[in-house]
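Asks:
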Amino acid sequence: VDFAFSTLGKMIRIGLQPDAVTVSTLIKGLCSIGNNGMAVQLLKKMEAGDCKPDLVAYTTVINNLCKNRLVTEAFDLFSEMLGKGIRPSIVTYNTLLRGLCQVGKPEAAVQLLKKMEEGDCKPDVVTYSTIINSLCKDRLVTEAFDLVSEMLGKGVRPNLVTYTTLMGGLCQTGRPKAALELFREICSGGQLPDLITYSTLLDGLCEHGHLDEALTLFKEMQDNDVNLNVVIYTIIIDGMCNAGKLHDARELFSSLFVNKLWPDVRTYTVMINGLCNEGLLHEAYELFRKMERDGCLPDGRIYNAIIRGFIRNEDRSRVMELVDEMVERGFHAD
RNA sequence: GUUCGAUAGAGGUCCCAU
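Under my numbering, think of the first position of the first sequence as 42, with each following residue one higher.
Now the structure itself:
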């Protein structure tokens, strides 16, 4: 992002004015590094200058305010945008809708939805999927399916994201088999699942004690030449560990490297946790050290996981060593 | 006409919630 801004400086110095796309891209960059304040500042600066922010620039900042749960601020900016005579798009509405859902304001979300239905930004598949996701997160899966009927009635077809969201809702409410049925149904209708669909299902199956079914699906993916990613592996490794199949988990973990997929800190956490739970503290510790040598940086959560293992094993000196180390690195023990 | 800047779905220790 720094480089992007220095390039912008260069552009301006040689007499090139950035356009709206350039500035929106920079705003998105600021947001992606978590610098919301700068993003808002840049927007304000543009408002005062020649290159006025457009709909996309506003929506980008509104989105990032929402993502940071600053929904009130997002609506303030939205009003400001309307005041400048910029008409919101469906994306702006969907963004605000998600923000409202995320901070648990369903009544406000419904109100906004009504406004969309009455205006010229009719709800689209993203709108419905956003609400369906919110309902599923609140475990209101029946209501989520009702909304599917409603969207169909309005001529909006659910897509893979919608279905994956519903599968997640079914899994979360303890019905991974129903999720699997829905999966089969959409597949037989010609829908190609993606990795998020698979990982949602695999996690749900593992979570509810159906490692066998998960492994069947996992094999099916390989038979169908699906390109696996590290998330898929992590889910299966975790499922194996939780089912007491540590040997299989270890083997699958090793196969990651063979397949040129690099475990990330979550994969290591799952594997280390599995080792700790079987009392293999030495192996867990070795893996923890190897992780960093292999270029994967630890975070606070993996420290907590391994420390917990040593606490259960009453290895006071290791606990002290690791707690000191994590604090020194700016993480806090939970 | 198309593409290039904005919106929805997946994985980790413990705690909390249920």
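We put the CB at the ideal spot given by N, CA and C, even for glycine.
Please determine if the segment 153–160 and the segment 181–188 are in contact, where contact requires at least 3 C-beta pairs separated by less than 8 Å.
Replies: Too few Cβ pairs lie closer than 8 Å, so no.
Asks: If distances are taken between C-alpha atoms only, which option among G194, G145, G196 and V42 comes closest to S175?
Replies: The candidate whose alpha carbon is nearest that of S175 is G145.
Asks: Just the C-alpha distance for Y99 and F119, rounded to the nearest angstrom, thanks.
Replies: Their backbone Cα atoms lie some 8 Å apart in a straight line.
Asks: Select from L233, Y274 and L246 the residue whose C-alpha is nearest the C-alpha of N265.
Replies: If we check each option's Cα against that of N265, L233 comes out closest.
Asks: What are the uninterrupted segments assigned as beta strand (DSSP E) that are 3 or more residues long and contained completely in the segment 109–139, given in chain order?
Replies: Runs of the beta strand (DSSP E) inside the segment 109–139: none found.
Asks: Suppose you measure from the CA of K108 to the CA of I53; what does that come to, to the nearest Å?
Replies: Approximately 31 Å, taken between the alpha carbons.
Asks: Could you give the C-beta distance for V166 and R198, rounded to a whole number, given that I count them as a contact under 8 Å?
Replies: Yes, they are in contact, since the Cβ atoms of V166 and R198 sit about 7 Å apart, within 8 Å.
Asks: Looking at A290 and I278, is the spacing between their C-beta atoms short of 8 Å?
Replies: A contact, by the Cβ cut-off of 8 Å.
Asks: Specify, as a first and last residue, the run of the alpha helix (DSSP H) that K51 falls within.
Replies: Element bounds for K51: D43 to R54.
Asks: Can you have a look at D43 and say buried or exposed, based on whether 16 or more other CB atoms are within 10 angstroms of its CB?
Replies: Exposed.
Asks: At 4 residues or longer, and completely inside the segment 73–115: list those alpha helix (DSSP H) runs for me, N to C.
Replies: Entirely contained in the segment 73–115, the alpha helix (DSSP H) runs reaching 4 residues are, in chain order, 77–89 and 96–108.
Asks: Output the distance between the C-alpha atoms of I103 and K93, rounded to the nearest integer angstrom.
Replies: Roughly 16 Å separates the two Cα atoms.
Asks: Given a cut-off of 8 Å on the beta-carbon distance, is the pair D375 and N354 in contact?
Replies: Their beta carbons are not under 8 Å apart, which means D375 does not touch N354 by this criterion.
Asks: Excluding the 5 residues flanking R110 on each side, which residues of the same chain have their C-beta closer than 6 Å to its C-beta?
Replies: V144, listed in sequence order.
Asks: Can you list, in chain order, the residues of its chain with a C-beta nearer than 7 Å to that of S170? Leave out the 5 residues immediately preceding and following it.
Replies: Cβ within range, chain order: V202, T203 and T206.
Asks: Restricting to runs no shorter than 4 residues, where is the alpha helix (DSSP H) found entirely within the segment 187–252?
Replies: Here the runs fully enclosed are 201–213, 217–229 and 236–248.
Asks: Look at the Cβ atom of L252, then the Cβ atom of M208, and state whether they are nearer than 8 Å.
Replies: No, they are not a contact pair.
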